[in-house]
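Scroll down for the structure; my scribbles are underneath it.
Take a look at the structure:
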């Protein structure tokens, strides 16, 4: 295992220290329990909190700041953060309007966020993101997994919360966005979790995992390597079958790299996705291409579509300033 | 070779088509000869043009837009663009104040940019970037290579040009910035150029290339894998020996991923670099961490320092809107 690392046990703490130091205008780091909280908390604003295993950067700590999250709780790589992290983050981020937890649908995350929610004394609610249409149940999940669509939920609800909406409105909007968002990914290689030291799974030189999870969970099928156009057609067919967008519905198209795929390939994927969608009469309104929800150095990518309405479109375009996404500021 | 690709011969054209479609609010694509040009050209502004082999994304096309470049010419992967691309881009981007070519120091690039400069009828000048302190001469270079420091030159000169400075002032400032900028990188793995189909070089499971070039050129030494702190110390020692910053000089620190390294490791590297610099009394003023000048999917990273003066600081902070770097807009 070759990684920029000193000692395996210090990987998470050193990485998050570096992150917080690089973005000390945006976030404050709390070491014990571990969370990052937005520096410029806004009194009376609903606090948005997410968290998950590390290694998916910029998700979630990279989305703390104006217009997205108020706090993020990093767990060890591929491991849920603990309830005490979430409770401490909630206490630090709450400014009187309550806390909305944005939770990717993994059994461990759900259990820990539910425990935190029960113990929190301020008003709180949760939005569960389960955008991965690949499989119904998986290694760490009952139901569908939460993957890159989480970024879209965090951006849109973050914008609504920034505008002063109350806790119930933020929760309802989050669920609305989650329902209109679907993703599917493919892996060409595994990643190596530092604490494990060996690849999470093995793929042959001519194989890919269609529908892979962001922790390397199995997808729909292990297949022989195909062309970009064939892969895109399979991912988009599954996503469109789920969302069934009308041809005039404005779509947000996100092409997300899993960490080890060059940007040039992600743009090629977007070009292929655009051709596929336009050939079928769909309308692309917004585009996001980049490494947003990664799996360490996994080679691969996912595609996410959201069917936008006017409110979602407005909140997508609104200003945001985080480490991982910034415009208008 | 597993890549998101349809046919090897179409890789560059399909990738740049996808890029231009994803950012059609920022750039216009010209297919023959191949270049991207800023959509909102500013009459009377010096046109900044760069280019190079593809596979280093977001460099250079990803830096076309407000506050950086006016046009970029993509060559095939690891191959210089041709003089006719540069001339056509210059004609398209010039709005009367002349053209400044920003050229990474590779023999092929220099030759082609010089040829274009001679044939261009509008006033033009060039800035050569040679920030890589690793080696004096290399596979494709006489003198030092131009690497990630190019991003800093493009940002700072881009800001000055945006403010209305003339061609000679932009050239002089570009050379000033280039002189105050130094970089060095390390690779843990090779990349695979699509047209070659096999890795550019081989590294053992416990080896790294210290001082690697962004095309996989040999560096200072092939070494046994070391800790992040040891690697950072070697890179920063070389860079600081070159720049010899005074302790009060504000530094811009850029930690650049080469494409296949997780963001969490890049932040760990920044934390390590910060500790090394602060222990020696240096002052960090600005930080940039991310994949800015990549080598396809190469695992590895580089560190760049710039010694800032007030003018450089102001131009770093000024607004920018490109695919690869955006703030204030």
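Chains as they are written, first to last, in my numbering: chain D, 1 to 329; chain Z, 1001 to 1329.
All residues carry an ideal CB built from backbone N, CA and C; glycine is no exception.
Note that the structure is a prediction, hence the values are computed from the model and not measured.
Query                                                                                                                   : Result
Boundaries of the alpha helix (DSSP H) in which residue 1105/Z is found, first to last residue                          : Premise fails: residue 1105/Z is in no alpha helix (DSSP H) and is neither H nor E.
beta-carbon residue 70/D near the ligand ADP non-hydrogen atom, thresh 7 Å                                              : Inclusion of the ligand ADP in the displayed structure is not the case, the ligand content being empty and no account of it being possible.
Chain Z residues whose Cβ lies nearer than 9 Å to that of residue 276/D                                                 : By Cβ distance, chain Z contributes nothing, its closest Cβ being about 12 Å from residue 276/D, past 9 Å.
Unbroken stretches of the beta strand (DSSP E), 3 residues or longer, contained in the region 1157-1207 of chain Z      : 1181-1187
Neighbouring residues, chain Z, relative to residue 371/D (Cβ below 8 Å)                                                : Lying before the first or after the last residue shown, residue 371/D is absent from chain D, which here runs from 1 to 329.
Residue from 11/D, 210/D and 214/D whose Cα sits closest to the Cα of residue 223/D                                     : 210/D
Cutoff 8 Å: residue 131/D Cβ touching any chain Z Cβ                                                                    : no
Residues that residue 36/D contacts on chain Z, provided the C-beta gap is smaller than 9 Å                             : Those within 9 Å of residue 36/D in chain Z number zero; the least Cβ separation is about 12 Å.
Contact list for the region 1041-1067 of chain Z against chain D, Cβ threshold 7 Å                                      : 1054, 1055, 1057 and 1058
Residue 1202/Z classed as buried or exposed, judged by whether at least 16 other C-beta atoms fall within 10 angstroms  : exposed
Rounded separation between residue 1289/Z and residue 1254/Z - CA only                                                  : 6 Å
Amino acids of chain D, ordered along the chain, whose beta-carbon sits closer than 8 Å to that of residue 1225/Z       : 2
Beta strand (DSSP E) runs contained entirely in the region 1105-1150 of chain Z, provided each spans 3 or more residues : 1124-1129
8 Å Cβ cutoff, residue 1011/Z in contact with chain D                                                                   : yes
Residue(s) in a DSSP beta bridge with residue 1304/Z                                                                    : 1183/Z and 1254/Z
CB contact flag (residue 51/D, residue 76/D, <8 Å)                                                                      : no
Partners in chain D for residue 1238/Z, counting only beta-carbon separations shorter than 7 Å                          : Near residue 1238/Z there are no residues of chain D at all, since even the closest Cβ is about 17 Å away, more than 7 Å.
Cβ pair count under 8 Å reaching 3, the region 60-77 of chain D against the region 313-323 of chain D                   : yes
Residues that DSSP places opposite residue 1298/Z in a beta bridge                                                      : 1259/Z
Span of the alpha helix (DSSP H) around residue 314/D                                                                   : 310-317
Residue of 196/D, 195/D and 258/D minimising C-alpha distance to residue 56/D                                           : 258/D
Residue 282/D at chain Z interface by Cβ criterion, 8 Å                                                                 : no
For residue 223/D, the first and last residue of its enclosing beta strand (DSSP E)                                     : 221-224
CB contact below 8 Å: residue 247/D versus chain Z                                                                      : no
Given 8 Å, three or more beta-carbon pairs between the region 1111-1124 of chain Z and the region 1175-1195 of chain Z  : no
Supposed close pair residue 154/D, residue 144/D - CB separation, criterion 8 Å                                         : That belief does not hold up - the Cβ atoms of residue 154/D and residue 144/D are roughly 18 Å apart, past 8 Å.
Partner residues on chain D for residue 1304/Z, Cβ-Cβ distance less than 9 Å                                            : Neighbours of residue 1304/Z on chain D: none; closest Cβ ~14 Å, over 9 Å.
Residue 1046/Z to residue 1078/Z span [Cα, whole Å]                                                                     : 28 Å
Contact set for residue 10/D: own chain, Cβ-Cβ below 8 Å, skip 5 residues either direction                              : none
Any C-beta of chain D under 8 Å from that of residue 1254/Z                                                             : no
Residue nearest to residue 1111/Z in terms of C-alpha spacing, selected from 1122/Z, 1097/Z, 1126/Z and 1121/Z          : 1126/Z
Pair within 8 Å by beta-carbon distance, residue 1036/Z and residue 1071/Z                                              : yes
Nearest-angstrom Cβ-Cβ length linking residue 1150/Z and residue 1106/Z, presumed shorter than 8 Å                      : Wrong, their Cβ atoms sit about 11 Å apart, outside the cutoff.
Option in 97/D, 128/D and 220/D with minimal Cα separation from residue 121/D                                           : 97/D
Cross-chain neighbours of residue 250/D in chain Z, by beta carbon under 8 Å                                            : Per Cβ cutoff of 8 Å: no residues; residue 250/D is ~15 Å from chain Z at best.
Contacts that residue 1014/Z makes with chain D (C-beta to C-beta distance below 7 Å)                                   : 268 and 271
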